[in-house]
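Chains as they are written, first to last, in this note's numbering: chain A, 1 to 432; chain B, 1 to 432.
For glycine and all other residues, C-beta sits at the position ideal for the given N, C-alpha and C.
There are 2 protein chains.
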Amino acid sequence: MSGGWTRGFLETYLRIPSVSAQGTGIREAVQLLLGTFRGVGCDARVLETAGNPVVLAAKKTPGAKKTLLVYNHYDVQPPEPLSEWLSPPFDPTERDGRLFARGTADNKANLATRIAAVRALGDRLPVNVTFIVEGEEEVGSPSLPAFVRDHAALLAADACLWESGGKDERGAPEITCGVKGILHAEAVARGPARDLHSSAGVAVPSPAWNLVHALAGLRAPDGTVTLPGFYDRVRRPDDADRAALRAIPLDEERRRAAWGISDFLGGLTGEALKEALVFKPTININGLAGGYQGKGSKTVLPKSASVKFDVRLVPDQDPDDILAKLLAWFAPYAIDVIDAHGYPPARTPVDDPVVRAAADAAREVYRREPLVQPLTPTSGPMYLLRRLMPCVSFGAGHFGSNIHAPNESIFLADLDPAEAHVALFLQKLAAL
Amino acid sequence: MSGGWTRGFLETYLRIPSVSAQGTGIREAVQLLLGTFRGVGCDARVLETAGNPVVLAAKKTPGAKKTLLVYNHYDVQPPEPLSEWLSPPFDPTERDGRLFARGTADNKANLATRIAAVRALGDRLPVNVTFIVEGEEEVGSPSLPAFVRDHAALLAADACLWESGGKDERGAPEITCGVKGILHAEAVARGPARDLHSSAGVAVPSPAWNLVHALAGLRAPDGTVTLPGFYDRVRRPDDADRAALRAIPLDEERRRAAWGISDFLGGLTGEALKEALVFKPTININGLAGGYQGKGSKTVLPKSASVKFDVRLVPDQDPDDILAKLLAWFAPYAIDVIDAHGYPPARTPVDDPVVRAAADAAREVYRREPLVQPLTPTSGPMYLLRRLMPCVSFGAGHFGSNIHAPNESIFLADLDPAEAHVALFLQKLAAL
Chain A
1 MSGGWTRGFL ETYLRIPSVS AQGTGIREAV QLLLGTFRGV GCDARVLETA
51 GNPVVLAAKK TPGAKKTLLV YNHYDVQPPE PLSEWLSPPF DPTERDGRLF
101 ARGTADNKAN LATRIAAVRA LGDRLPVNVT FIVEGEEEVG SPSLPAFVRD
151 HAALLAADAC LWESGGKDER GAPEITCGVK GILHAEAVAR GPARDLHSSA
201 GVAVPSPAWN LVHALAGLRA PDGTVTLPGF YDRVRRPDDA DRAALRAIPL
251 DEERRRAAWG ISDFLGGLTG EALKEALVFK PTININGLAG GYQGKGSKTV
301 LPKSASVKFD VRLVPDQDPD DILAKLLAWF APYAIDVIDA HGYPPARTPV
351 DDPVVRAAAD AAREVYRREP LVQPLTPTSG PMYLLRRLMP CVSFGAGHFG
401 SNIHAPNESI FLADLDPAEA HVALFLQKLA AL
Chain B
1 MSGGWTRGFL ETYLRIPSVS AQGTGIREAV QLLLGTFRGV GCDARVLETA
51 GNPVVLAAKK TPGAKKTLLV YNHYDVQPPE PLSEWLSPPF DPTERDGRLF
101 ARGTADNKAN LATRIAAVRA LGDRLPVNVT FIVEGEEEVG SPSLPAFVRD
151 HAALLAADAC LWESGGKDER GAPEITCGVK GILHAEAVAR GPARDLHSSA
201 GVAVPSPAWN LVHALAGLRA PDGTVTLPGF YDRVRRPDDA DRAALRAIPL
251 DEERRRAAWG ISDFLGGLTG EALKEALVFK PTININGLAG GYQGKGSKTV
301 LPKSASVKFD VRLVPDQDPD DILAKLLAWF APYAIDVIDA HGYPPARTPV
351 DDPVVRAAAD AAREVYRREP LVQPLTPTSG PMYLLRRLMP CVSFGAGHFG
401 SNIHAPNESI FLADLDPAEA HVALFLQKLA AL
């Protein structure tokens, strides 16, 4: 195993604040990856896009019949709120066997273990491997559709190893077969030409109130989405999906404790709760803003108010269709929808041979039954590659990794098994 | 008339940056007032409070049967944003017949003309006059309730001349009979122990959604407040109020242009619009906050969300009663209400003899029909004195005075008529 090499590369990689939403650290991350891929014997290059560049690296194996495409992203979520980090987000810090930094679990450690597996296998690499590492995943991968279209030949493969993964709450390795889709957007309510004294509020239409009313009509208090037509294209779980759902362990008390809540939304429990987590779409409020937010009070009627939100989509919902429905919903409230972007959901069947290869490898490496997840609640541009090949995902994270939150971490002891899992998956893929 | 004296005192008074919110200029203002009151023959003293001191000054007239209490405040709003002032806020500057400085209209010129009237009348003062000048009006008058309670005997009077006033948009003098009350507060929705990845949103109760639903139930899209019991204590306008309403001029097109809106809330127009402005309470959103507000998108389920709001109250609504109803409303949504403070509304009937005396005096001095305003949309601690005596308000400001805003001003030509109005009001009060 490559423990020392992996940790050394990973800490260097984590020190680069490659936050796509804030435009920092992009070139530094690209340069590090380029050098690293070349150092492990890959043919690597940087391909420019309309946005952040893509790093492409390939290692051919003479006589290999199969090719694996490995998808990762070098960008990470913004680290805010900074005050909640126990150590600086871009200064990787070990505490209690964990390595804390923004991007550890999502998804710098996964790339590190995958490169480490290729490096360790050296001339014994059983398949051709192509790495695609993009830099805009955390802002919706706007350049990736054109990139995949324009470089289809370079990306041709028999299977795709997707970016994310880790252990479930019991410590069992997860094998993920798909991702929910997502639509991000911001809704901005327009009002008077400037902020007014709130004494006018009895007679002036308020964008903040309009926003409240428009939002309240989108989702019921129990979480059911009430946007007309929202559920029209939702595919119901089939028998294989139901079996996979039943196999998913869910310690509800532990989950509530982990999330810091006393009850699930709308009183969900049992299989209905599992089904919601895996197969249900929803609309989330990410942020509310508008008017006075300082100390004390200020009698202002703000000229605008806004909400950032995301819509979690399941097969066969389509983000363009949902966006059209949202635009129609918001228009009568004098609310504009801006900055909409996202991806459709994507799935590979739970009984696909590539999924089985990943699960078999996990069973051997971890010596326990893996958890096969039909869909993860998180999203990604998997649909672009799923159109071309089966996709499966696993990695070095864990249930308490705090992805997208302060104090993101992995367990250092998970690095070596994650690398071994990749290596064995390559063997099994070669034998398919 | 006292033009020279008034302007001299006023400019000296305006040079003192007596900003209660920032703790500046308090003692200087108190000393200036003490010397000025003594210089015009008043028995003046400084009374300490838990906050800024109160200046109390009295001039007795042998044989007078009536006493007028004059309420003003020596503190002013903060001058920020400084960059928008055309001349320094505490360097009174004449331009185009106006005197610009923070506090001119609110309410240093009014006190100047009132002292000037007492000075000019000298031994011919027809009533006893007591001045109460506090230093915390712009921060909610926290010490005034105890002061009024503890010094009731010193404040005993037949009527109160309130601090504010001026001319309406047509140039007619306004006689104001009351103020709306206000309740400021912040509602904070509690949720998971920390910000979560929004993929959990399908199963985790969201404070942002809870806030949206709680708020949506408080006010209908047309502006009607739907908080149970909100209107219970609202006194309906009587015939005299209706007559006063009809006399209020309102150029709707001009008002819409001034506010930068295309329609009034809920399609209000005509007398219903006037009634809303004068006699209707409402709930305003001053600010919304929670979750991610930065650039781009962030898939977070925020652990809390909050709203700052103000409730505009009319007679006989009570802020404590409304607060209790709000607490009961918000509680089931896991929402706390914090930082609640404000004042009840207060009014004197439009046909009260004291109001008539003020209107009659205005008619004679300005040679045009005054506008009698039953209630102003702005608020103040009038209720403390209205419990003891009728209150009426008029002064030297104008429609474009920019109270609480940059480039606050009065017209210099308004000082002498304002002083004459005070003097004639004293005569009419003596004759009641």
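Neighbourhood of residue 312 of chain A in chain B, by CB distance below 8 Å: 198, 199, 201, 202, in chain order. Non-local C-beta neighbours of residue 194 of chain B in its own chain, meaning closer than 8 Å and more than five positions away in sequence, comprise 303, ordered along the chain.
In the displayed model, residue 169 of chain B falls within coil according to three-state DSSP, outside both helix and strand. Neighbourhood of residue 431 of chain B in chain A, by CB distance below 7 Å: empty, with the nearest CB roughly 35 Å away.
A Cβ of chain A is located within less than 8 Å of the beta carbon of residue 300 of chain B.
Contact check for residue 217 of chain A against residue 412 of chain A fails: the beta carbons are separated by 8 Å or more. In this structure, residue 266 of chain A sits near residue 222 of chain A, with a CB-CB distance shorter than 8 Å. Sixteen is the threshold: since fewer than 16 other Cβ atoms of the shown chains lie within 10 Å of the Cβ of residue 332 of chain A, the residue is exposed. Residue 314 of chain B is positioned such that its CB atom lies no closer than 8 Å to that of residue 283 of chain B. Of all alpha-carbon atoms in A:63, A:305, A:136, the one lying nearest the alpha-carbon of residue 25 of chain A is that of A:136.
At least 8 Å separates the beta-carbon of residue 258 of chain A from that of residue 166 of chain A. For residue 339 of chain B, the enclosing beta strand (DSSP E) starts and ends at 335-343.
Within the DSSP secondary-structure output, residue 287 of chain A pairs in a beta bridge with A:308, B:291. Our two residues, residue 415 of chain A and residue 243 of chain A, have alpha carbons roughly 30 Å apart in a direct line. Taking the Cβ atoms as the reference, residue 294 of chain B lies roughly 11 Å from residue 186 of chain A, outside the contact range of under 8 Å. Put simply, the CB of residue 206 of chain B is near chain A, with a gap under 8 Å to one of its CB atoms. Within the stretch 275-306 of chain B, 276, 277, 280, 282, 284, 285, 286, 287, 288, 289, 290, 291, 292, 293, 294, 295, 296, 297, 298, 299, 300, 301, 302, 305 place their CB atoms closer than 7 Å to a CB of chain A, listed in sequence order. Under DSSP, residue 186 of chain A forms a beta bridge with A:308, A:338. Residue contact check for residue 378 of chain B against chain A: a CB pair falls below 8 Å. Annotated three-state conformation of residue 106 of chain B is helix, per DSSP. For residue 209 of chain B, the uninterrupted alpha helix (DSSP H) segment begins and ends at 207-216. At a cut-off of 8 Å between beta carbons, residue 188 of chain A makes no contact with chain B. Around residue 260 of chain B, the beta-carbon contacts reaching into chain A at under 7 Å are 192, 193, 194. Assignment of beta strand (DSSP E) within the stretch 33-73 of chain B, counting only whole runs of 3 or more residues, yields 43-47, 54-59, 67-73 in chain order. Going by DSSP, residue 243 of chain A is part of no beta strand (DSSP E) but of the alpha helix (DSSP H) stretching over 239-247.
Bounds of the alpha helix (DSSP H) holding residue 322 of chain B are 319-330. Linking residue 94 of chain B to residue 100 of chain B through their CA atoms gives a straight-line distance of about 6 Å. For residue 263 of chain B, the chain A residues whose C-beta falls within less than 9 Å of its own C-beta are 205, listed in chain order.
For residue 22 of chain B, no alpha helix (DSSP H) run applies, since DSSP gives it neither H nor E. DSSP places residue 377 of chain A within a strand segment (E or B) once states are collapsed to three.
For residue 148 of chain B, the enclosing alpha helix (DSSP H) stretches over residues 144-150. Contact of residue 219 of chain B with chain A by beta-carbon distance below 7 Å involves 209. Judged by DSSP in its simplified three-state form, residue 157 of chain A adopts coil rather than helix or strand. Identification of residues in the stretch 215-242 of chain B having a C-beta nearer than 9 Å to some C-beta of chain A yields 215, 216, 217, 218, 219, 220, 221, 223, given in sequence order.
Residue 274 of chain A sits buried, since 16 or more C-beta atoms from the chains shown fall within 10 Å of its C-beta.
Pairing residue 374 of chain A with residue 177 of chain A gives a Cβ-Cβ distance under 8 Å.
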